[in-house]
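Visitor: Sequence lines, in order, name chains H and P.
Each residue of the first sequence is one higher than the last, beginning at 1 in my numbering.
Each residue of the second sequence is one higher than the last, beginning at 1 in my numbering.
I am attaching a structure below and will ask some questions about it afterwards.
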Amino acid sequence: MGIYIFRRTLYAIALLFVISLVVFVLFSALPFDPASLTCGKNCTTEVIEANRIRLGYDLPMWEQYVKFLQGIFIGRDYGHGVASFTCPAPALGYSFFRQECVTSLLITALPPTIWLAIGSVTLWVGTGILLGIWAARRRGGAPDHIINVLTVFATSMPTFLTGQMALTFLIGKFGWIPPPDYYEPYQNFPKFFSTMFLPWIVLALPGLAIYARLTRGFVLETGSEDFVRTARAKGLPEKTILWRHTLRPALSPLTTLAALDLAFMLGGAVVTEKIFSIPGLGRLTIQSVIQYDLPVIVGTTILAAAFIVVANLIVDILYSVIDPRVRLK
Amino acid sequence: MARTKKVDTTQAVAGRSPWRLGWDRFRFNRVAMVSLGISIFFFLVAYLSSPILAILNLDPYAMDRSAIDLDNFNNPIGPWGGISTVHWLGVEPGVGRDVFARLIIGARTSITIATVTSVLSISIGMVIGLIAGYFKGRVDEAIGRIIDLLLAFPTFFMLIAIARPMAERLQVALGVDDKNIATIILLVVLLTIFGWAGLARLIRSDVLSLREREFVLAAESLGASHGRIIFKELLPSLWPKAIIFLSLSLPGFLTTEAALSFLGIGIQEPMPSWGVMLEMAVAKAYTVPTYFLIPATTLIILVTALNLVGTGVSDAFDPKLERNQ
Numbered sequence: 001m002g003i004y005i006f007r008r009t010l011y012a013i014a015l016l017f018v019i020s021l022v023v024f025v026l027f028s029a030l031p032f033d034p035a036s037l038t039c040g041k042n043c044t045t046e047v048i049e050a051n052r053i054r055l056g057y058d059l060p061m062w063e064q065y066v067k068f069l070q071g072i073f074i075g076r077d078y079g080h081g082v083a084s085f086t087c088p089a090p091a092l093g094y095s096f097f098r099q100e101c102v103t104s105l106l107i108t109a110l111p112p113t114i115w116l117a118i119g120s121v122t123l124w125v126g127t128g129i130l131l132g133i134w135a136a137r138r139r140g141g142a143p144d145h146i147i148n149v150l151t152v153f154a155t156s157m158p159t160f161l162t163g164q165m166a167l168t169f170l171i172g173k174f175g176w177i178p179p180p181d182y183y184e185p186y187q188n189f190p191k192f193f194s195t196m197f198l199p200w201i202v203l204a205l206p207g208l209a210i211y212a213r214l215t216r217g218f219v220l221e222t223g224s225e226d227f228v229r230t231a232r233a234k235g236l237p238e239k240t241i242l243w244r245h246t247l248r249p250a251l252s253p254l255t256t257l258a259a260l261d262l263a264f265m266l267g268g269a270v271v272t273e274k275i276f277s278i279p280g281l282g283r284l285t286i287q288s289v290i291q292y293d294l295p296v297i298v299g300t301t302i303l304a305a306a307f308i309v310v311a312n313l314i315v316d317i318l319y320s321v322i323d324p325r326v327r328l329k
Numbered sequence: 001m002a003r004t005k006k007v008d009t010t011q012a013v014a015g016r017s018p019w020r021l022g023w024d025r026f027r028f029n030r031v032a033m034v035s036l037g038i039s040i041f042f043f044l045v046a047y048l049s050s051p052i053l054a055i056l057n058l059d060p061y062a063m064d065r066s067a068i069d070l071d072n073f074n075n076p077i078g079p080w081g082g083i084s085t086v087h088w089l090g091v092e093p094g095v096g097r098d099v100f101a102r103l104i105i106g107a108r109t110s111i112t113i114a115t116v117t118s119v120l121s122i123s124i125g126m127v128i129g130l131i132a133g134y135f136k137g138r139v140d141e142a143i144g145r146i147i148d149l150l151l152a153f154p155t156f157f158m159l160i161a162i163a164r165p166m167a168e169r170l171q172v173a174l175g176v177d178d179k180n181i182a183t184i185i186l187l188v189v190l191l192t193i194f195g196w197a198g199l200a201r202l203i204r205s206d207v208l209s210l211r212e213r214e215f216v217l218a219a220e221s222l223g224a225s226h227g228r229i230i231f232k233e234l235l236p237s238l239w240p241k242a243i244i245f246l247s248l249s250l251p252g253f254l255t256t257e258a259a260l261s262f263l264g265i266g267i268q269e270p271m272p273s274w275g276v277m278l279e280m281a282v283a284k285a286y287t288v289p290t291y292f293l294i295p296a297t298t299l300i301i302l303v304t305a306l307n308l309v310g311t312g313v314s315d316a317f318d319p320k321l322e323r324n325q
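Below, the structure written as structure tokens:
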């Protein structure tokens with residue numbers, strides 16, 4: 001068991017290294033000179049060259065990568081003397097465009113993304129499971145049909161369309177919901193809740209449909225198993241049968257899925273954040289892409305990949321703990 | 001519950017191929033058939049868009065100044081975004097280009113990207129999955145690592161981050177004037193690079209069990225080459241999976257293209273695509289709602305239809321599903 005966790009963790013770390021290398025090489029191969037992007041139109045060659053040396057773009061690519069890795073573990077200093085600056089560990093680079101270390105940009109952008117992700121994942125997993133159970137209990141009845149139609153539409157509606165439509169018509173035309181804005185939850189919770197409500201729903205819709213469909217399948221499948229019949233035969237109330245027996249085997253696949261979905265969301269819900277102007281990781285990425293702010297793009301991409309790798313690791317380890325059938329060497 | 005059918009012994013028992021079996025099941029799924037009809041209609045209109053526009057004498061790039069009100073923020077004249085006998089779906093606010101013409105020419109761009117990407121990802125996914133499952137051992141391990149790596153990448157995120165700068169480099173490398181051509185090629189390539197891994201993993205696990213079956217052993221003992229076993233023995237039984245994957249990935253790629261162009265990262269003005277039209281319409285969605293709603297509805301209808309076809313196909317072709325036939 002311990003050896004398995006150890007090996008799995010090592011593999012995850014190796015994977016992260018490879019991802020960081022790929023991302024780094026990919027962006028270094030892009031057709032611009034990062035140094036000349038550091039200052040505006042009236043810029044002299046001397047300034048560009050000075051910035052190139054200061055930011056380390058004069059080094060060969062492998063050396064740049066080594067410096068980049070070093071930065072993650074021990075922080076990084078740029079330049080010497082008066083014009084120097086330091087990014088403390090874990091340093092992912094320096095955005096000349098914003099005059100800020102990438103790590104601190106990421107840290108500022110993380111909370112809105114986390115709130116968005118947690119809210120919508122909770123909403124879609126919770127509602128999805130309840131809808132799925134409802135549909136399975138009334139199999140072939142009206143709820144089942146309603147949910148079928150709903151899932152088809154929810155999976156077919158791209159988030160950018162639902163989001164934009166909600167924004168234009170619910171907020172713009174009818175003014176039912178306050179216009180998009182972002183508030184810290186511990187400063188102004190009612191405002192936070194009312195502005196996040198719509199993004200949560202928009203982001204949750206497609207996922208909700210998938211969970212409803214999956215849960216319905218699980219409940220119907222285990223519902224015909226012998227142990228459920230036994231439970232019913234010994235006179236357990238339906239509620240106990242459903243929650244303690246029928247849903248128990250569905251627990252581990254659903255947890256896995258939810259954990260991975262959460263990890264994807266934490267990387268930044270680009271579309272939703274852009275539409276609802278939420279200052280999270282997704283919007284940071286989009287802005288950096290438009291401004292060709294390469295260090296920030298590298299940082300956000302690696303962070304997003306890290307969330308996925310770590311979630312996969314946690315899920316694999318949890319799996320071997322939760323599910324007694326999975327006993328790994 | 002299996003009903004016993006009376007077998008008519010006077011007729012020769014004709015073997016039915018998996019294709020035939022699947023199609024027969026699919027044919028009786030009314031929802032799927034209607035959706036298939038709608039999808040085919042969209043594809044036809046998209047690919048016949050040039051002759052259609054020639055007949056109607058419309059041009060997606062022509063600006064009709066008479067259709068917009070210069071005193072009213074250049075909004076279209078008339079209700080419903082300027083819908084008239086000349087402009088069937090109205091005109092664009094601001095420049096007065098015909099929405100119908102842009103919609104069907106844009107459909108061609110969007111549908112082409114989605115189709116080519118799907119076909120490429122499936123071909124690559126199948127070949128690599130076959131190789132991994134067939135040769136096992138080190139080959140399988142190496143491919144498995146690459147798949148792990150690709151699946152850990154936040155795909156959509158990567159696309160956003162690299163599509164725009166890469167398109168510029170590709171444009172220079174190809175020496176084309178229109179940046180959109182470079183963008184289209186790049187979108188197809190990038191979506192394919194990230195798209196094949198999922199299918200390859202599925203195919204690999206199928207091949208692992210298939211290759212231990214008797215017919216493969218028989219072929220092996222008759223001295224068949226690797227190529228023959230892979231392409232003649234194994235490949236035919238994997239087609240249903242590929243078809244299911246195709247029908248589900250097509251709407252997926254369609255929305256991805258639209259979303260990327262919508263974010264201003266995919267195709268750019270003046271070339272029309274559904275994503276570009278939606279991006280343009282956002283600013284005017286409040287004053288001229290039809291301009292936004294027309295491409296939005298079209299996209300939703302096609303994606304829904306394709307999804308329903310996909311569900312129908314996987315119901316019909318999935319060999320594991322129990323049926324009451």
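Just so you know, even glycine gets a beta-carbon here, dropped at the ideal spot from N, CA and C.
For clarity, every value in this text was computed on a predicted model and none was experimentally measured.
Buried or exposed: where does residue 226(H) fall if 16 or more other Cβ atoms within 10 Å of its Cβ makes it buried?
Guide: Classification of residue 226(H): exposed, given that the 10 Å Cβ count is below 16.
Visitor: Taking Cβ-Cβ distances below 8 Å as the criterion, which residues of the region 257 to 270 of chain H are in contact with chain P?
Guide: From the region 257 to 270 of chain H, only 264, 267, 268, 270 have a Cβ closer than 8 Å to chain P.
Visitor: Secondary structure at residue 4(H), three-state DSSP: helix, strand or coil?
Guide: Residue 4(H) falls in the helix class under three-state DSSP.
Visitor: How should residue 44(H) be labelled, buried or exposed, when 16 other C-beta atoms within 10 angstroms of its C-beta is the threshold for buried?
Guide: Under this definition residue 44(H) is an exposed residue.
Visitor: If the cut is a Cβ gap below 9 Å, which residues of chain H does residue 29(P) touch?
Guide: Near residue 29(P) there are no residues of chain H at all, since even the closest Cβ is about 14 Å away, more than 9 Å.
Visitor: Between the alpha carbons of residue 265(P) and residue 163(P), how many angstroms are there, rounded?
Guide: Using only the alpha carbons, I get a separation of about 7 Å.
Visitor: Which one of 50(P), 306(P), 314(P) has the shortest CA to CA distance from residue 36(P)?
Guide: Checked all of 50(P), 306(P), 314(P); the closest Cα to residue 36(P) is 306(P).
Visitor: Per DSSP, what are the beta-bridge partners of residue 86(H) in this structure?
Guide: Paired residues: 77(H).
Visitor: Quick check: the Cα distance between residue 11(H) and residue 131(P), rounded to an integer number of angstroms?
Guide: So the alpha carbons of these two residues sit roughly 24 Å apart.
Visitor: Just to check my reading of the structure: residue 161(P) and residue 289(H) have Cβ atoms closer than 8 Å, yes? What is that Cβ distance to the nearest angstrom?
Guide: About 6 Å; that satisfies the 8 Å criterion.
Visitor: Where does residue 318(H) sit, in a helix, a strand or coil, going by DSSP?
Guide: In this structure, residue 318(H) counts as helix in the three-state DSSP scheme.
Visitor: Tell me the DSSP bridge mates of residue 94(H)?
Guide: According to DSSP, which records beta bridges pairwise, residue 94(H) is partnered with 101(H).
Visitor: Should residue 287(P) and residue 75(P) be called a contact, given that it needs their Cβ atoms to be closer than 8 Å?
Guide: Contact: yes.
Visitor: Does residue 158(P) get closer than 8 Å to chain B when you measure Cβ to Cβ?
Guide: Checking the listed chains, one finds no chain B in this structure; the protein chains it contains are H and P.
Visitor: Between 30(P), 103(P), 213(P), which lies nearest to residue 293(P) when the distance is taken from Cα to Cα?
Guide: It is 103(P).
Visitor: How is the alpha helix (DSSP H) around residue 187(H) delimited, first residue to last?
Guide: Here residue 187(H) belongs to no alpha helix (DSSP H), and DSSP marks it neither H nor E.
Visitor: Measuring alpha carbon to alpha carbon, tell me which residue in 22(P), 17(P), 100(P), 177(P) is nearest residue 309(P).
Guide: Answer by Cα proximity: 22(P).
Visitor: Tell me, please, which residues DSSP counts as bridged to residue 63(P).
Guide: 97(P).
Visitor: Considering only the beta carbon of each residue, do residue 295(H) and residue 102(H) sit closer than 8 Å?
Guide: Yes, the Cβ-Cβ distance between residue 295(H) and residue 102(H) is below 8 Å.
Visitor: Leaving aside the five residues before and after residue 140(P) along the sequence, list all residues of the same chain whose C-beta is less than 8 Å from its C-beta, in chain order.
Guide: Excluding residues within five positions, the ones whose Cβ falls inside 8 Å are 132, 133, 204.
Visitor: Counting along the chain, where does the alpha helix (DSSP H) carrying residue 243(H) start and finish?
Guide: First-last for residue 243(H): undefined, no H or E at that position.
Visitor: Could you name the residues of chain P that residue 304(H) contacts, counting a contact when the two beta carbons are closer than 7 Å?
Guide: Near residue 304(H) (Cβ distances below 7 Å), the residues of chain P are 154, 157.
Visitor: Touch check for the region 192 to 200 of chain P and the region 112 to 122 of chain P: three-plus C-beta pairs under 8 Å?
Guide: The region 192 to 200 of chain P is in contact with the region 112 to 122 of chain P.
Visitor: Identify the continuous alpha helix (DSSP H) that holds residue 138(P) and give its terminal residues.
Guide: From DSSP, the alpha helix (DSSP H) with residue 138(P) extends over 137 to 152.
Visitor: For a contact defined as C-beta to C-beta under 7 Å, what are the partners of residue 157(H) on chain P?
Guide: Those are 300, listed as they occur along chain P.
Visitor: Taking C-beta pairs closer than 7 Å, name the residues in chain H that residue 307(P) reaches, listed in chain order.
Guide: The answer, in chain order, is 152, 155, 156.
Visitor: Have a look at residue 126(P) and residue 242(P) and give me their C-alpha separation to the nearest angstrom.
Guide: Their backbone Cα atoms lie some 8 Å apart in a straight line.
Visitor: With 8 Å as the limit, tell me which residues of the region 250 to 267 of chain P have their beta carbon closer than that to any beta carbon of chain H; keep them in chain order.
Guide: Per Cβ criterion, the list reads 251, 255, 258, 259, 262, 263, 264, 265.
Visitor: What residues from the region 265 to 284 of chain P come within 8 Å of chain H, judged by C-beta to C-beta, listed N to C?
Guide: Residues passing the 8 Å Cβ filter: 265, 278, 282.
Visitor: So is residue 267(P) buried or exposed if we call it buried at 16+ other beta carbons inside 10 Å?
Guide: By the 10 Å Cβ count, residue 267(P) comes out buried.
Visitor: Against chain H, does residue 192(P) count as a neighbour if the rule is that its beta carbon must be under 8 Å from one of theirs?
Guide: Not closer than 8 Å to any Cβ of chain H, the Cβ of residue 192(P) fails to qualify, so no.
Visitor: Among residues of its own chain, excluding the 5 on either side of residue 234(H), which ones have a beta-carbon nearer than 8 Å to its beta-carbon?
Guide: Same-chain partners within the cutoff: there are none.
Visitor: Can you pull the DSSP bridge partners for residue 152(H)?
Guide: For residue 152(H), which the question treats as bridged, DSSP gives no partner whatsoever.
Visitor: For the alpha helix (DSSP H) that residue 234(H) lies in, which residues bound it at each end?
Guide: It is not in any alpha helix (DSSP H) - residue 234(H) carries neither H nor E in the DSSP assignment.
Visitor: Verify whether the separation of the beta carbon atoms of residue 204(H) and residue 151(H) is less than 8 Å.
Guide: Their beta carbons are not under 8 Å apart, which means residue 204(H) does not touch residue 151(H) by this criterion.
Visitor: If we call anything under 8 Å between Cβ atoms a contact, is residue 157(H) one with residue 300(P)?
Guide: Yes.
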